[in-house]
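**Student:**
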Amino acid sequence: MIKVGIIGVGTVGTSVAQILVDNADIISARAGTDIIVKRGVVKNLSKDRGLDIIITDNVDDVLNDPEIDIVVELMGGIEEPFEVVKKALKNGKAVVTANKALLAYHRYELAELAKDIAFEYEASVAGGIPIINALRDGLSANHIESIMGIMNGTCNYMLTKMTNEGVAYDDILKESQDLGYAEADPSFDVGGYDAAHKLLILASIAYGIDAKPEDILIEGIENVSQDDISFAKEFGYAIKLLGIAKKDGNEVELRVHACLISQDEMIAKIDGVMNGISVVGDKVGETLYYGPGAGGDATASAVVANIIDIARSGKSTPMLGFAKPLDGELTLKPIDKIESKYYLRINVSDKAGVLAKITKIFEDNNISVETMLQRPATNNSANILISTHIAVEKDIQNMIKKLESLDFINSTPVMIRIV
Ligand code: HSE
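Its first residue numbered 781, the sequence shown is counted upward by one per residue in my numbering.
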């Protein structure tokens, strides 16, 4: 029999304990042994979780219990779980975590510490989709050319509702929280950080890139408005928050931001809380992974799969995947060098000569306009909506700074990259 301790019995932890009971028959058949939760650790002992497990508020009751084989870390945060996981490994316990923020900062140190002890993290990326398994095992024969996809269920849920139902941003954010999709601090979702944490984990498996969130381009969906959504619809695009990893020679670009993506692309059709990730390998070509990216049961499905795996293979299956550097001498491409097509929404005072001045600034910064549209906003202001040909990030940023300084520009221009 395998005994599990769950640290953090919230939405996902409760589902993990429940799945181990509900599906005990198939789980023990697949694992070759029974698996039970011996103890759960919570911060607030008075809250009823409707579970038949022993609850404590002392993490050492799990970490120091010699009967517990696998510690499941679902606390959230970065430094506190790092200490907990280090202690669990030091005490010889296998670890399963869904904590992408922890891995975004400490994955290489943890791989080093774990050595021959199993350390699994399938649920850290894309909830219920077995994307770690696919990248680490199923595609291990390939050089990975690109990874691109929807990696945050909350943002995708919000953008879908804003697009299809015109629901206001704040109302949907609240709904995502009530449904258990959003992080404890939802600015991690809408600010793009959660997706960035996941992208860094995938980039480590695919390329051995040891970058931190601070090293890469991260933007969220806070500035996306109904104006942008209606421009997108008119020109055949959907707006999605994407994580993108792309190999270009010896460099890998890593970025998370809202994108305008053609409605014909498969990823553009992925709606609601669903995640969808495309991985292109040099031998296999494009593969696509789709499924629920957030929510208790979906995420717990991946956590329990890791528990079963460890029960089946023993505690001495090392954590694979975070080698460095892989694929020759790959380095992170500087943000300034990233190239893309861009969409800009510029709110201006509606008076003679404004358009000419704006197009001059585009020219001065080597940026070529592809389409342009002007829409009245209020009585004396208008939105100018522009898409560009391929341009360099540095030029776009310089141009936005220049535009911001002009007296006929009413607010900071909104920019969304086009994929
Ligand atoms: N808040 C995350 C999301 C949960 O919305 O995708 C899953 O990691």
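For each residue, glycine too, the CB sits at the ideal point set by N, CA and C. None of the values given here were measured: they were computed from a predicted structure.
Just list the residues that DSSP pairs residue 1017 with in beta bridges.
**Tutor:** As a working note, residue 1017 is residue 237 in the sequence shown. BP columns for residue 1017 point to 1042.
**Student:** In chain order, which alpha helix (DSSP H) runs of at least 4 residues are fully inside the stretch 928-961?
**Tutor:** DSSP runs (the alpha helix (DSSP H)) wholly in the stretch 928-961: 933-945, 949-958.
**Student:** Within the same chain, show all residues whose beta-carbon is closer than 6 Å to that of residue 976, passing over the 5 residues directly before and after it, in chain order.
**Tutor:** Here the question's residue 976 lines up with position 196 in the sequence shown. Closer than 6 Å at the Cβ level, and outside the excluded window around residue 976, lie 993, 998, 1036.
**Student:** Would you say the beta carbon of residue 813 comes nearer than 7 Å to a heavy atom of the ligand HSE?
**Tutor:** As a position in the sequence shown, residue 813 is number 33, starting the count at 1. No, the beta carbon of residue 813 sits no closer than 7 Å to any heavy atom of the ligand HSE.
**Student:** Tell me whether residue 963 counts as near the ligand HSE, meaning its Cβ is closer than 7 Å to at least one heavy atom of that ligand.
**Tutor:** As a working mapping, residue 963 is identified with position 183 in the sequence shown. Yes - the ligand HSE has a heavy atom lying nearer than 7 Å to the Cβ of residue 963.
**Student:** Starting from the Cα of residue 934, find the closest Cα among 954, 917, 922 and give me that residue.
**Tutor:** Here the question's residue 934 lines up with position 154 in the sequence shown. Considering only alpha carbons, the answer is 954.
**Student:** May I ask you to verify whether the stretch 1023-1032 touches the stretch 978-988, counting CB pairs closer than 8 Å and requiring at least 3?
**Tutor:** With the cut-off at 8 Å, the stretch 1023-1032 and the stretch 978-988 touch.
**Student:** What number of angstroms, rounded off, separates the C-alpha of residue 921 from the C-alpha of residue 1064?
**Tutor:** Taking the first residue of the sequence shown as position 1, residue 921 is located at position 141. Taking the first residue of the sequence shown as position 1, residue 1064 is located at position 284. Those two C-alpha atoms are separated by around 9 Å.
**Student:** Closest to residue 883 by CA distance: which of 983, 1056, 804 is it?
**Tutor:** Sequence index remark: in the sequence shown, residue 883 carries index 103 (1-based). Here the closest residue by C-alpha is 983.
**Student:** Would you check if there are 3 or more beta carbon pairs closer than 8 Å linking the stretch 915-930 to the stretch 828-847?
**Tutor:** With a cut-off of 8 Å, the stretch 828-847 and the stretch 915-930 do not count as touching, because too few Cβ pairs lie within range.
**Student:** Can you give, in chain order, each stretch of the beta strand (DSSP E) that sits fully within the stretch 849-894 and has at least 3 residues?
**Tutor:** DSSP runs (the beta strand (DSSP E)) wholly in the stretch 849-894: 850-853, 874-877.
**Student:** Would you say the stretch 1082-1089 touches the stretch 958-973, given that touching needs at least three Cβ pairs under 8 Å?
**Tutor:** Short answer: they don't touch.
**Student:** Within the chosen definition, does the stretch 1118-1137 reach the stretch 1181-1193 through at least 3 CB pairs nearer than 8 Å?
**Tutor:** The stretch 1118-1137, when compared against the stretch 1181-1193, does touch it at the 8 Å Cβ threshold.
**Student:** Under three-state DSSP, which class holds residue 1179?
**Tutor:** Position 399 of the sequence shown, counted from the first residue, corresponds to residue 1179. Helix, per DSSP.
**Student:** Considering only C-alpha positions, which residue in the set 879, 919, 865 is nearest to residue 857?
**Tutor:** Stepping through the sequence shown from its first residue, residue 857 is reached at position 77. Closest option to residue 857, Cα to Cα, is 879.
**Student:** Helix, strand or coil for residue 987? Go by DSSP, reduced to three states.
**Tutor:** In the sequence shown, residue 987 corresponds to position 207, counting from 1. It is helical.
**Student:** Using the Cα positions of residue 1006 and residue 910, report the straight-line distance between them to the nearest angstrom.
**Tutor:** Translated into the one-based positions of the sequence shown, residue 1006 becomes position 226. Translated into the one-based positions of the sequence shown, residue 910 becomes position 130. Computed Cα separation, rounded: 34 Å.
**Student:** What is the DSSP secondary structure of residue 1168, reduced to helix, strand or coil?
**Tutor:** As a working mapping, residue 1168 is identified with position 388 in the sequence shown. Strand, per DSSP.
**Student:** Are at least three pairs of beta-carbons, each pair with one atom in the stretch 1062-1079 and one in the stretch 1144-1153, less than 8 Å apart?
**Tutor:** Result no; under three Cβ-Cβ pairs closer than 8 Å.
**Student:** Output yes or no for whether 8 Å exceeds the beta carbon distance between residue 941 and residue 952.
**Tutor:** Your numbering for residue 941 matches position 161 in the sequence shown. Your numbering for residue 952 matches position 172 in the sequence shown. Yes, they are a contact pair.
**Student:** Among 1148, 1180, 1118, which has the Cα closest to the Cα of residue 1034?
**Tutor:** The residue given as residue 1034 occupies position 254 in the sequence shown. That would be 1118, whose Cα lies nearest to the Cα of residue 1034.
**Student:** Do you know offhand how far residue 1145's Cα is from residue 1176's?
**Tutor:** Counting from one through the sequence shown, the residue named residue 1145 turns up at place 365. Counting from one through the sequence shown, the residue named residue 1176 turns up at place 396. Distance between the alpha carbons of residue 1145 and residue 1176: 7 Å.
**Student:** Is residue 822 helix, strand or coil when you go by DSSP?
**Tutor:** Here residue 822 refers to the residue found at position 42 when the sequence shown is read from its first residue. Residue state, collapsed to three classes: coil.
**Student:** Taking 7 Å as the cut-off, is the C-beta of residue 933 nearer than that to any heavy atom in the ligand HSE?
**Tutor:** Here the question's residue 933 lines up with position 153 in the sequence shown. Flag set: Cβ of residue 933 near the ligand HSE.
**Student:** Can you tell which of 800, 787, 1009, 1001 has its C-alpha closest to the C-alpha of residue 1038?
**Tutor:** Position 258 of the sequence shown holds residue 1038. Residue 1001 is the option with its Cα nearest to residue 1038.
**Student:** Can you have a look at residue 962 and say buried or exposed, based on whether 16 or more other CB atoms are within 10 angstroms of its CB?
**Tutor:** Position 182 of the sequence shown holds residue 962. With 16 or more Cβ atoms within 10 Å of its Cβ, residue 962 is classed as buried.
**Student:** Could you spell out the range, first to last residue, of the beta strand (DSSP E) harbouring residue 1221?
**Tutor:** Limits of the chain in this structure are 781 at one end and 1199 at the other, which puts residue 1221 out of reach.
**Student:** Once you ignore the five residues that flank residue 947 on each side, which residues in its own chain have a CB closer than 7 Å to its CB?
**Tutor:** Here the question's residue 947 lines up with position 167 in the sequence shown. Within the same chain, residue 947 has close Cβ partners 941.
**Student:** Look at the alpha carbon of residue 1068 and the alpha carbon of residue 1056, and state the distance between them as a whole number of angstroms.
**Tutor:** Locating residue 1068 in the sequence shown gives position 288, counting from the first residue. Locating residue 1056 in the sequence shown gives position 276, counting from the first residue. Rounded to the nearest angstrom, the two C-alpha atoms are 7 Å apart.
**Student:** Which word fits residue 1080, buried or exposed, when buried means at least 16 other C-beta atoms lie within 10 angstroms of its C-beta?
**Tutor:** Counted from its first residue, the sequence shown places residue 1080 at position 300. The residue is buried, with at least 16 neighbouring Cβ atoms inside 10 Å.
**Student:** Helix, strand or coil for residue 1173? Go by DSSP, reduced to three states.
**Tutor:** Taking the first residue of the sequence shown as position 1, residue 1173 is located at position 393. Looking at residue 1173 - three-state DSSP - the assignment turns out to be helix.
**Student:** With which residues is residue 899 paired in a DSSP beta bridge?
**Tutor:** As a working mapping, residue 899 is identified with position 119 in the sequence shown. Answer is 875, bridged to residue 899.
**Student:** Taking only heavy atoms of the ligand HSE into account, decide whether any of them is closer than 7 Å to the Cβ of residue 884.
**Tutor:** Counted from its first residue, the sequence shown places residue 884 at position 104. No - the ligand HSE has no heavy atom lying nearer than 7 Å to the Cβ of residue 884.
**Student:** What is the rounded straight-line gap between the Cα of residue 1031 and the Cα of residue 885?
**Tutor:** Stepping through the sequence shown from its first residue, residue 1031 is reached at position 251. Stepping through the sequence shown from its first residue, residue 885 is reached at position 105. So the two alpha carbons sit approximately 21 Å from each other.
**Student:** Just to confirm before moving on: does the CB-CB distance between residue 782 and residue 849 stay below 8 Å?
**Tutor:** On the sequence shown, residue 782 is found 2 positions in, with the first residue counted as 1. On the sequence shown, residue 849 is found 69 positions in, with the first residue counted as 1. Result yes, Cβ atoms of residue 782 and residue 849 sit closer than 8 Å.
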